[in-house]
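All residue numbers for the sequence shown refer to the numbering used here, where the first residue is 21 and numbers rise by one. Notes follow once the structure below has been shown.
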Amino acid sequence: MHAPVLILNANFEPIHVCDTRRAIGLILNGKAALVLNGRGEIKTVSRIFPRPSIIRLEKMVKRPRPRVKLTKREIMRRDEYTCQYCGKTAPNLTIDHIIPRHLGGEHTWENLVTACPHCNHHKGGRTIEQAQMHLRHTPKEPPASAGYIFARHLKENQEWLPFVDGW
21 MHAPVLILNA
31 NFEPIHVCDT
41 RRAIGLILNG
51 KAALVLNGRG
61 EIKTVSRIFP
71 RPSIIRLEKM
81 VKRPRPRVKL
91 TKREIMRRDE
101 YTCQYCGKTA
111 PNLTIDHIIP
121 RHLGGEHTWE
131 NLVTACPHCN
141 HHKGGRTIEQ
151 AQMHLRHTPK
161 EPPASAGYIF
171 ARHLKENQEW
181 LPFVDGW
């Protein structure tokens with residue numbers, strides 16, 4: 021009942037992931053329709069329900085374009101879990117402000133990168149020019165595409181690919 025279910029808008033745009041219980045509730049209330057049943061059935065005392073993998077909302081839901089939240093996890097994911105100064109993949113990566121906060125650096129996608137403890141300590145409270153260090157990639161906000169947003173679910177749910185890749 022806790023398996024992820026992809027929710028599509030009325031135009032088949034992927035908009036959310038919920039659990040099986042919520043998806044069945046939406047189907048029974050007439051708010052969504054089953055698109056793909058790739059997981060078998062759920063048997064109750066009086067009925068048998070298909071176990072949804074993908075559902076589609078009956079009415080179009082207007083919402084603003086999604087943006088990737090600025091979190092430590094998303095910065096690590098964007099930088100592919102590697103230090104942006106030396107290129108090491110260390111288990112204890114940290115987040116570094118390219119322009120330190122005490123020098124007016126902001127907490128934005130363009131000012132945050134992953135760094136190994138050694139590089140972060142070497143840079144200290146200086147700018148990269150002062151520390152004579154170089155970034156491997158210019159940091160920017162990751163795309164808010166469906167493929168990026170729902171990527172963590174795609175490994176176990178390959179049947180979602182045709183619906184997620186087009187967006």
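C-beta: ideal position from N, C-alpha, C; glycine also.
Please identify the residue among V37, L54, H154 whose C-alpha is closest to the C-alpha of I44.
Here the question's residue 44 lines up with position 24 in the sequence shown. Considering only alpha carbons, the answer is L54.
Close beta carbons around G167, own chain, < 7 Å, minus the five adjacent residues each side
Taking the sequence shown and counting its residues from 1, one reaches residue 167 at position 147. Closer than 7 Å at Cβ, skipping near neighbours: V184, D185.
Whose CA, out of I169, L123, C139, lies closest to the CA of A110?
Translated into positions along the sequence shown, residue 110 becomes position 90. Of I169, L123, C139, the residue nearest in Cα terms is C139.
Please determine if the segment 91–102 and the segment 74–82 are in contact, where contact requires at least 3 C-beta pairs separated by less than 8 Å.
no
Pop quiz: R59 and R71 are said to be a contact at Cβ under 8 Å. What is the actual Cβ separation, rounded to whole angstroms?
What you label residue 59 is simply residue 39 of the sequence shown in a count that begins at 1. What you label residue 71 is simply residue 51 of the sequence shown in a count that begins at 1. The Cβ separation is near 4 Å, so the contact holds.
If you draw a straight line from the C-alpha of E94 to the C-alpha of C106, how long is it?
As a first step, residue 94 is located in the sequence shown; it is residue number 74 there, counting from the start. As a first step, residue 106 is located in the sequence shown; it is residue number 86 there, counting from the start. So the alpha carbons of these two residues sit roughly 20 Å apart.
Runs of 3 residues minimum, wholly inside the segment 113–169: which ones carry the beta strand (DSSP E) assignment?
114–117, 132–135
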